[in-house]
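Undergrad:
Quick look at the structure:
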């Protein structure tokens, strides 16, 4: 059964299929896509949607059931007279792994075919460095997670790895981290772990996760702003991720906002990240403590150099004045930059995610005030501003969904 399932996905992307075999595989893909997007359905509804006969729909669905990809869920509970059977995805027929690489930890999740996140390991200790050792530890962490998942390796059809910085998902190259090999990073990880691997920018994956499984309802034009150690953005235009020419769209953190002499890690000066990112917030907080400011953070970190972003977020959520003050200042600067985006994109919805979003209104309200102050009223009146519903799981959920949807060529 496993081999048949694998064969279907191999056939789906095989350039050698033709004629009836090609048409049947494409129809099966469309059936799986309908199951994935719309849930369980009847043969009658399938035949109408695909414009095929009911016997043909029955034949294809039965083949998918034999392959282990679909399941007969029995009679529907609605309607009068003879009730039809409902068919849908077999959740345990395929699995997808999502990996989110942060500065100081890794999140890894396992999703079944029906978009259920069945296992997640959060905040696995890790230090992101552009070194071979750091890459090896990442691969070992993925390998260990899968080995402990109790899911057969052959049923895991793909791994999605989210990294910060410039990523070209089409080629699998990372230009910010682990770029010391000639081969694409996706192929390097795949060669170690043994499972097909996709690479994605972390903010885009978070945007996709939130769009498909989070707080997005009917909105199609959505901006997801990732407020973490850096500042990134995922852009959804008409329900699709927007990449730009080279796949690097969304670098909100590198808008030149300030006339300062602070060198950003991108090599430029005056970027938004130099004064409003989590990394900048940590630096500014440490400076204030060194200048004599008081904070409950010092009860935990006697040495200001040991203070981390997570400490500041925790302090703000415990009503620490210094933490709230600096987060408010950062929010005002971020909101001013986002006002430009509102004027340009006129989005229906902006979602705030990442570590700083965990401070809730402490970051949201100054951003909202700055948006109102600096963007056109007619434009921002149509834009909702919310906090991510998926929270710290947005990235791994998005990574899993991107792998699943790309394997099936699903358009969400």
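In our numbering, the protein residues as written are 2 to 413. Every residue, glycine too, gets a C-beta built ideally from N, C-alpha and C. Computed from a predicted structure; not experimentally measured.
1. DSSP beta-bridge partners for residue 417?
2. Taking just the CA atoms, how far does residue 140 sit from residue 194?
3. Roughly how many whole angstroms lie between the Cα atoms of residue 165 and residue 177?
4. Just the Cα atoms here: how many angstroms apart are residue 245 and residue 308?
5. Name, in chain order, the residues that DSSP records as bridge partners for residue 198.
6. Give every residue of the same chain whose Cβ lies closer than 8 angstroms to the Cβ of residue 3, excluding the five residues on either side of it in the sequence, and list them in chain order.
7. Just list the residues that DSSP pairs residue 225 with in beta bridges.
8. How many angstroms separate the CA atom of residue 17 from the CA atom of residue 102?
9. What does the alpha-carbon distance come out to for the pair residue 366 and residue 168?
10. Which residues in the same chain have their Cβ closer than 7 angstroms to the Cβ of residue 306, if we skip the five residues on either side of it in sequence?
11. Looking only at its own chain, which residues have a Cβ that is under 8 angstroms from the Cβ of residue 85, when we skip the five neighbours before and after it?
12. Using 8 angstroms as the threshold, is the region 383–401 in touch with the region 343–359, meaning 3 or more CB pairs across them?
13. Rank 327, 392, 311 and 382 by C-alpha distance to the C-alpha of residue 211 and give the top, closest one.
14. Just curious, the alpha helix (DSSP H) that residue 209 is in, first and last residue?
15. If you draw a straight line from the alpha carbon of residue 403 to that of residue 292, how long is it in whole angstroms?
16. Output yes or no for whether 8 angstroms exceeds the beta carbon distance between residue 310 and residue 356.
17. Span of the alpha helix (DSSP H) holding residue 283?
18. Cutting at 7 angstroms between CB atoms, please list the residues of its own chain near residue 113, excluding the five before and the five after it.
19. Give me the Cα-Cα distance between residue 9 and residue 26, rounded to the nearest whole angstrom.
20. Ignore the nearest five residues each way along the sequence and tell me which others in residue 181's own chain have a CB closer than 8 angstroms to its CB.
21. With DSSP collapsed to three states, give me the class of residue 176.
22. On the CB-based measure, 16 or more other CB atoms within 10 Å of its CB, does residue 234 come out buried or exposed?
23. Does residue 376 come out as helix, strand or coil in the three-state DSSP assignment?
24. Just curious, the alpha helix (DSSP H) that residue 333 is in, first and last residue?
25. Quick check on the DSSP output: the alpha helix (DSSP H) that includes residue 34 runs from which residue to which?
26. When the distance is taken between beta carbons, is residue 242 closer than 8 angstroms to residue 1?
27. What is the DSSP secondary structure of residue 165, counted as helix, strand or coil?
TA: The structure says:
1. It is not possible to answer for residue 417, since the shown part of the chain is limited to 2 through 413.
2. Taking the first residue of the chain shown as position 1, residue 194 is located at position 193. Taking the first residue of the chain shown as position 1, residue 140 is located at position 139. Answer to the nearest angstrom: the Cα atoms are 7 angstroms apart.
3. Here the question's residue 165 lines up with position 164 in the chain shown. Here the question's residue 177 lines up with position 176 in the chain shown. Each residue's alpha carbon lies about 8 angstroms from the other.
4. Counting from one through the chain shown, the residue named residue 245 turns up at place 244. Counting from one through the chain shown, the residue named residue 308 turns up at place 307. Going from the Cα of residue 245 to the Cα of residue 308 covers about 37 angstroms.
5. One-based indexing of the chain shown puts residue 198 at position 197. Residue 198 pairs with 160.
6. Taking the chain shown and counting its residues from 1, the one referred to as residue 3 is at position 2. Because residue 3 sits at a pLDDT of 41, beneath the cut-off of 50, its placement in the model cannot be relied upon, and the point is left open.
7. Counted from its first residue, the chain shown places residue 225 at position 224. Partner(s): 235 and 352.
8. If you number the chain shown from 1, residue 17 lands on position 16. If you number the chain shown from 1, residue 102 lands on position 101. Distance between the alpha carbons of residue 17 and residue 102: 37 angstroms.
9. To locate residue 366, count along the chain shown from 1; it is residue 365. To locate residue 168, count along the chain shown from 1; it is residue 167. Looking at the two C-alpha atoms, the distance is approximately 31 angstroms.
10. Locating residue 306 in the chain shown gives position 305, counting from the first residue. Around residue 306: 287.
11. Position 84 of the chain shown holds residue 85. Around residue 85: 43, 44, 45, 76 and 77.
12. yes
13. If you number the chain shown from 1, residue 211 lands on position 210. Of the listed residues, the one whose Cα sits closest to residue 211 is 392.
14. Translated into positions along the chain shown, residue 209 becomes position 208. Its alpha helix (DSSP H) spans residues 203–214.
15. Sequence index remark: in the chain shown, residue 403 carries index 402 (1-based). Sequence index remark: in the chain shown, residue 292 carries index 291 (1-based). Straight-line Cα distance between these residues: approximately 46 angstroms.
16. Along the chain shown, one-based indexing puts residue 310 at 309. Along the chain shown, one-based indexing puts residue 356 at 355. Cβ atoms of residue 310 and residue 356: closer than 8 angstroms.
17. Start at 1 with the first residue of the chain shown, and residue 283 comes out as number 282. 279–291 is the extent of the alpha helix (DSSP H) around residue 283.
18. Mapped onto the chain shown, residue 113 falls at position 112. Contacts found: 92, 93, 96 and 119.
19. Your numbering for residue 9 matches position 8 in the chain shown. Your numbering for residue 26 matches position 25 in the chain shown. Taking the straight line joining both Cα atoms gives about 7 angstroms.
20. Residue mapping note: residue 181 aligns to position 180 of the chain shown, counting from 1. These residues qualify, in order along the chain: 131 and 133.
21. By 1-based counting over the chain shown, the position of residue 176 is 175. If DSSP states are grouped into helix, strand and coil, residue 176 belongs with coil.
22. In the chain shown, residue 234 corresponds to position 233, counting from 1. Its Cβ being crowded by 16 or more others within 10 Å, residue 234 is buried.
23. Position 375 of the chain shown, counting from 1, holds the residue named residue 376. Residue 376 falls in the coil class under three-state DSSP.
24. In the chain shown, residue 333 corresponds to position 332, counting from 1. It spans 322–346 - the alpha helix (DSSP H) in which residue 333 sits, taken as one unbroken run.
25. In the chain shown, residue 34 corresponds to position 33, counting from 1. It spans 20–39 - the alpha helix (DSSP H) in which residue 34 sits, taken as one unbroken run.
26. Residue 1 cannot be examined here, being either before or after the span of the chain that is shown, 2 to 413.
27. As a working note, residue 165 is residue 164 in the chain shown. Here residue 165 sits in coil by DSSP.
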